[in-house]
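Just so we're aligned, residue 5 is where the sequence shown starts under the working numbering, counting upward by one.
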Amino acid sequence: MKEYIDLRSDTVTQPTQEMREAMFRAVVGDDIMGEDPTVRELETLSADILGKEDALFVTSGTLGNQIAVMALTNRGEEVIVGDTSHIFNLEVGALAALSQVQTRPIEVPTGTYSIEKMEELIQEEGIQRAKTSLICIENTNNLNAGFVVPVENINEVCALGRKYNIPVHLDGARIFNAEVASKVSVKEITRHVDTVMFALTKGLGSPFGAILAGNKDFIQKARWIKQRLGGGFRQAGFLAAPGIVALKTMMPQIEIDHHHAQLLGKGLSAIEGLKVDTTRIHTNIVTGSVEALPISIEDFLSKLMDAGIKAKRISKTSFRMVTHWGIEERHIKETIRSVEQIISNL
Ligand SMILES: *Cc1c(COP(=O)(O)O)cnc(C)c1O
């Protein structure tokens, strides 16, 4: 099989040797009966890292987000979501399909929420109005940008939520990228949010799952909804074990990923005609546009593919490249060289 430099997403990683060994050795039990010690260890460790009372291991970030919404809303109510957020764009309409709530999107162009705008979007109960019952924020923010939301801004959103008695759910799929980039601990970032989800399968490089956390009552309810949706686990310690390794060993890799994203952004932005705004690179995601070049995004990506490099198309003229475990400095250099070559041959 041909070896590609795969920059489409940080979800394409292979587990580390230590993760594979931990899977092999995991002590397991029936998790629905509360008897899988490895799952419980991952949940306890995660709750501790997040500074929350309890946590729940779930199959995916999507399920974690959707369980949170189901637990915190009633049918017909409204949820404020970021216009570029995953929960709004990439969860197959689950807010409508599962929780039967409607969304009210807020623009978040640079990863900071406008508190004034958000306050205007809050609907108080009235004879013709759907009550706002949840605010969903995202950090890092924007599917294709990975912006860091300043912790002060998160705290302002939470204060607004408290003012109107509306809980705040944080989609922190890449929260460890936010921690590394902002040098603010995950615990500080999540201090005032009611509930939080993070993915084990993005920068952390684990092969499976996500964590949902909050207070004890919330997690009890979440556990029950997870079960109802068919998400209950039996001997899932095999899947939790690499997650524990990920939390304990992968933080330095995230730092490296960010360094690689900077190198990549710098190299690509120096190429004549290619548009790459390096000020938008906060974490491990680099975006670029071919709009000023005589080539379509499809042709550009297919030439890149021929050169052994995979990137993801994100609009009619732009692409993204995401750095992760398995991508080394030589891959970054090769990518820059290949893009240079493609563009100089136009
Ligand atoms: C990846 C991602 C999710 C969903 O995670 P899955 O495990 O793929 O379901 C949710 N939110 C954000 C911001 C993500 O990047």
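Cβ atoms here follow ideal geometry from the backbone N, Cα and C, with glycine treated the same way. Just so it is clear, the structure is predicted and the values come from calculations on it, not from any experiment.
- Per DSSP, reduced to three states, the secondary structure at GLN239 is coil, with no helix or strand assignment.
- Look at ILE289 here: in three-state DSSP terms it is strand.
- Annotated three-state conformation of ASP52 is helix, per DSSP.
- The DSSP-derived three-state label of GLU142 is strand.
- About 4 Å separates the Cβ atoms of GLY247 and LEU204, confirming a contact at the 8 Å cut-off.
- Judged by beta-carbon spacing, THR194 lies within the 9 Å limit of LEU54, meaning their Cβ atoms are closer than that value.
- Burial state of ASN349 is exposed, judged by a 10 Å Cβ sphere holding fewer than 16 other Cβ atoms.
- Uninterrupted beta strand (DSSP E) stretches at least 3 residues long and entirely within the segment 119 to 186 occur at 136 to 142, 172 to 175, given in chain order.
- Rounded to whole angstroms, the Cβ separation of ILE139 and GLY165 is 5 Å, and the two are in contact under 8 Å.
- The alpha-carbon separation between PHE212 and LEU94 amounts to approximately 18 Å.
- C-alpha of LEU305 to C-alpha of GLN224: approximately 46 Å in a straight line.
- If one requires a minimum length of 4 residues, the alpha helix (DSSP H) runs lying completely within the segment 257 to 342 are 301 to 310, in chain order.
- When secondary structure is reduced to three states using DSSP, GLU192 falls in the helix class.
- Relative to ligand 1, the beta carbon of THR66 is positioned inside 8 Å of a heavy atom.
- In terms of Cβ geometry, LYS230 and LEU67 form a close pair [threshold 9 Å].
- Relative to ligand 1, the beta carbon of LYS206 is positioned inside 8 Å of a heavy atom.
- Residue range 220 to 232 is occupied by the alpha helix (DSSP H) that includes ASP221.
- Leaving aside the five residues that flank VAL188 on each side, the residues in its chain whose CB is nearer than 7 Å to its CB run, in chain order, VAL155.
- For THR15, the shortest C-beta to heavy atom distance toward ligand 1 is below 8 Å.
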